[in-house]
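> Provided herewith is a single structure, encoded as structure tokens, for subsequent inquiry.
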Amino acid sequence: MTVTTTTTTTETRPPERRSAVRSLLRLWPYVRPVRRRLIGAAFVGVVASCLGLVIPLALKWIVDGPVADRDPSGVWLGGVVLLVLGAAEAVLFWVRRVLVARPLARVEADMRAALFRHLQRLPVAFHDRWSSGQLLSRGTTDLMLMRMFLAFPLTFLLVNATTIVVGFVILLAQQWTLGLVLLAPVAPLVVLCWFFEERYSLAARTAQDQVGDVTTIVEESVLGIRIIKGFGQHRGQERAFGALSERLRATELGKAGLLGTLWALIMVLPELAIGAALLLGMVQVADGELSAGTLVAFLSTALALRWPVESLGFLLAMTNETATAADRFFEVMDVAEAAPGPTSPPGKPVPQDRGLRLDGVEFRYPDAPPDAPPVLRGVDLHIGPGETMALVGTTGSGKTTLTALIPRLHEATAGRITLDGEDITALSRERLRGLVSVAFEEPTLFSASVGENVLMGAEGAGESDLKRALAVAQADFVDALPDGHRTQVGEQGLSLSGGQRQRLALARAVVGNPRFLILDDPLSALDVHTEAAVEAALREVLATTTALVVAHRPSTVLLADRVALLSRGRIAAVGTHHELLHGNEEYASLMSGHEESEGRERDGGSPR
214 MTVTTTTTTT ETRPPERRSA VRSLLRLWPY VRPVRRRLIG AAFVGVVASC
264 LGLVIPLALK WIVDGPVADR DPSGVWLGGV VLLVLGAAEA VLFWVRRVLV
314 ARPLARVEAD MRAALFRHLQ RLPVAFHDRW SSGQLLSRGT TDLMLMRMFL
364 AFPLTFLLVN ATTIVVGFVI LLAQQWTLGL VLLAPVAPLV VLCWFFEERY
414 SLAARTAQDQ VGDVTTIVEE SVLGIRIIKG FGQHRGQERA FGALSERLRA
464 TELGKAGLLG TLWALIMVLP ELAIGAALLL GMVQVADGEL SAGTLVAFLS
514 TALALRWPVE SLGFLLAMTN ETATAADRFF EVMDVAEAAP GPTSPPGKPV
564 PQDRGLRLDG VEFRYPDAPP DAPPVLRGVD LHIGPGETMA LVGTTGSGKT
614 TLTALIPRLH EATAGRITLD GEDITALSRE RLRGLVSVAF EEPTLFSASV
664 GENVLMGAEG AGESDLKRAL AVAQADFVDA LPDGHRTQVG EQGLSLSGGQ
714 RQRLALARAV VGNPRFLILD DPLSALDVHT EAAVEAALRE VLATTTALVV
764 AHRPSTVLLA DRVALLSRGR IAAVGTHHEL LHGNEEYASL MSGHEESEGR
814 ERDGGSPR
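To convert a position in the sequence shown, counted from 1, into our numbering, add 213.
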């Protein structure tokens with residue numbers, strides 16, 4: 214059996230292709246603060262490039278003057294002039310690079326910060342749909358492409374276009390017949406560039422999406438290395454990675470073929486024109502219609518225009534890749550953030566509505582089929598102030614989904630949820646997250662110290678709060694770590710055991726003394742003795758807060774004052790543990806362990 218973690222990117226591709234210009238114009242708000250530096254760099258680049266066109270004119274003077282007159286001093290003077298012109302051109306191009314390096318690094322940093330900030334504010338449903346690799350590639354590779362475009366192609370499209378125009382004016386002024394010969398390839402080159410743009414844009418988009426897929430499988434393989442090794446699936450992952458890499462390789466080869474064909478034609482057509490102009494010019498020199506110096510200057514100018522013309526393929530390729538990168542960046546930035554809700558000051562709570570109340574709450578996942586029943590429907594529940602309510606139900610009954618609605622990780626599709634009489638949709642997210650603290654079933658730790666992970670649960674909490682929270686969670690193992698609570702736990706906290714990670718997640722939930730506490734099966738990874746110790750300490754915290762605890766074991770249920778049974782997306786019964794145990798057959802069966810095996814078949818909701 215082979216485990217494949219390939220992630221489709223169909224949903225991340227735009228339904229229609231925008232023009233490259235429209236896509237690149239969307240970068241203006243980020244570029245505007247540094248526009249003066251970019252304009253200055255472009256001006257310096259144009260001046261430097263035009264200086265290069267003065268060199269052929271100096272050669273004409275040298276050939277028709279000092280060389281024809283056999284004047285050594287004039288030749289030396291001409292050499293000094295050429296040296297000064299070349300040095301000035303090099304210095305100006307260096308100044309151009311200095312002008313753009315620092316501000317464009319700032320533009321990239323600002324765009325990356327804006328993307329990260331936006332991702333933090335997007336609803337959880339967005340992150341459920343998008344793979345992390347696609348988001349990582351947008352925040353790294355795509356932004357790097359945009360910075361490179363602003364630093365080089367953007368400037369040199371203008372510089373080279375100006376150079377070509379000025380160069381052809383000089384050519385036509387020197388000998389208009391030869392200039393027309395060199396202008397002959399212009400029309401075919403325009404057609405080629407138009408033909409190339411459409412196809413290269415498609416190939417560039419495909420390649421950048423495939424880079425996201427490769428990034429995803431690498432990330433999943435690294436984070437899931439224990440599972441891969443435990444089940445001996447490393448060869449299967451290698452095959453899956455190899456298949457994605459081969460797809461990306463084929464796409465990149467297709468891109469290289471398109472670019473190579475264009476570049477070859479862009480180089481060949483001007484070279485043929487230069488060759489024809491050289492033959493015609495030699496005939497004119499032999500007939501006395503053209504001076505040798507003029508022919509040298511003409512050919513030198515034509516050769517000076519080779520790079521601006523031949524670089525068109527390279528510049529167009531980078532422009533199209535950048536336009537695609539901009540499309541991918543703004544696909545994420547255009548997703549609407551979760552509505553913040555009004556920031557009105559808290560009003561006086563209605564006494565009978567104190568605590569946590571759910572009235573007619575319904576929820577359906579955004580990506581659920583239209584004919585699928587809601588995960589939750591008509592949920593009515595009231596938890597009084599200072600009361601602990603246990604939420605029990607079969608696997609897939611919607612317990613975790615219900616707990617995610619209270620801190621607005623998901624938005625209820627119908628109904629109303631209030632905290633001490635205030636509708637949660639009328640609270641700012643900052644205030645709501647300050648009132649409600651959560652501990653999830655799967656504890657997530659970050660690459661930081663133990664203390665930083667725990668104190669993430671409360672703004673302004675100090676070391677005394679940290680020690681109290683660790684004591685509640687019975688996380689005394691922290692003292693035995695090399696640097697105590699300053700010990701770095703590593704990525705995902707995988708240097709700790711599952712039970713240790715769960716206790717730190719519990720400490721994070723209680724460190725801020727929240728008014729409302731949501732615990733999703735917080736003791737599932739603990740052994741019996743540690744569980745008993747944690748429960749004893751947790752009772753003191755639960756006595757002073759309003760809590761909803763998802764429970765699967767009787768020992769956890771006993772922490773609660775009352776129990777709510779969630780069945781088929783509804784609250785089927787509410788009462789004490791003993792009342793439900795003797796008066797509700799489904800609850801009794803669930804507590805005995807028989808119900809779980811039948812839960813999926815009987816439950817009509819989502820398995821989430």
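We treat Cβ as the ideally placed atom computed from N, Cα and C, and that holds for glycine. Remember, it's a predicted structure, so these values are computed and weren't measured experimentally.
Distance, Cα to Cα, Val574 vs Thr429?
The alpha-carbon atoms of Val574 and Thr429 are separated by roughly 36 Å.
> Check whether the Cβ atoms of Pro316 and Arg250 sit closer than 9 Å, and answer yes or no.
It is a contact, given that the beta carbons lie within the stated cut-off.
> Out of Phe339, Leu290, Gln347 and Gly352, which has the shortest C-alpha to C-alpha gap to Val320?
Of Phe339, Leu290, Gln347 and Gly352, the residue nearest in Cα terms is Gly352.
> Taking its Cβ as the centre, do 16 or more other Cβ atoms sit within 10 Å of Leu803, making it buried, or is it exposed?
buried
> So what's Thr601 in DSSP terms, helix, strand or just coil?
strand
> Which partner residues of Thr613 appear in the DSSP bridge assignment?
Thr613 is not bridged to any residue.
> Given that a residue counts as buried once 16 or more other Cβ atoms are within 10 Å of its Cβ, and exposed if not, what is Glu229?
With a pLDDT of 48 at Glu229, under the threshold of 50, the modelled position of this residue cannot be trusted; read the value that follows with caution. With fewer than 16 Cβ atoms within 10 Å of its Cβ, Glu229 is classed as exposed.
> Across which residues does DSSP place Leu507 in a beta bridge pair?
Position check: residue 507 holds Thr in this sequence, whereas Leu was assumed. In the DSSP output, where bridge partners are listed per residue, Thr507 has none listed.
> Please list, in chain order, all residues of the same chain as Ala760 whose beta carbon is under 6 Å from its beta carbon, the five residues on each side excluded.
Thr601 and Leu730
> Checking 9 Å against the spacing of the C-beta atoms, do Gln715 and Phe690 come in under that value?
no
> Would you kindly report the start and end of the unbroken beta strand (DSSP E) that includes Gly628?
Ala627 to Leu632
> Given this structure, state the Cα-to-Cα distance separating Asp580 from Ala338, to the nearest angstrom.
9 Å
> For a quick check, are the C-beta atoms of Leu356 and Phe542 less than 9 Å apart?
yes
> Do Val294 and Ala326 have their CB atoms nearer than 9 Å?
no
> In the DSSP assignment, what are the bridge partners of Thr759?
Phe729
> Using DSSP with H/G/I as helix, E/B as strand and the rest coil, what is Ser662?
Three-state DSSP puts Ser662 in a strand.
> Would you list the one or two residues that DSSP bridges to Phe653?
According to DSSP, which records beta bridges pairwise, Phe653 is partnered with nothing at all.
> How many Å lie between Gly526 and Ala627 at the Cα?
55 Å
> Could you tell me the boundaries of the alpha helix (DSSP H) in which Ile479 lies?
Ile479 -> alpha helix (DSSP H) spans His447 to Ala499.
> Would you kindly work out how many angstroms separate the C-alpha atoms of Val404 and Thr464, rounded to a whole number?
24 Å
> Tell me whether Phe365 sits in a helix, a strand or coil according to DSSP, three-state version.
coil
> Taking only three categories from DSSP, how would you classify Ile438?
helix
> Helix, strand or coil for Arg773, going by three-state DSSP, please let me know.
Correcting the residue identity first, residue 773 is Ala in this sequence and not Arg. Of the three classes helix, strand and coil, the one that applies to Ala773 here is coil, per DSSP.
> Who are the Cβ neighbours of Ala756 in its own chain at under 6 Å, not counting the five residues just before and after it?
Nothing listed; no residue qualifies.
> Considering just the uninterrupted stretch of the beta strand (DSSP E) at Val882, what are its terminal residues?
This structure does not reach residue 882, given that the chain is present from 214 up to 821, and the question cannot be answered.
> The alpha helix (DSSP H) spanning Asp572 covers which residue range?
For Asp572, no alpha helix (DSSP H) run applies; the uninterrupted beta strand (DSSP E) run containing it begins and ends at Leu569 to Phe576, by DSSP.
> How about the segment 474 to 494 and the segment 452 to 466: do they share at least three Cβ pairs that are nearer than 8 Å?
no
> Go through its chain and collect everything with a Cβ distance to Ser805's Cβ below 7 Å, but skip five positions before and after it.
none
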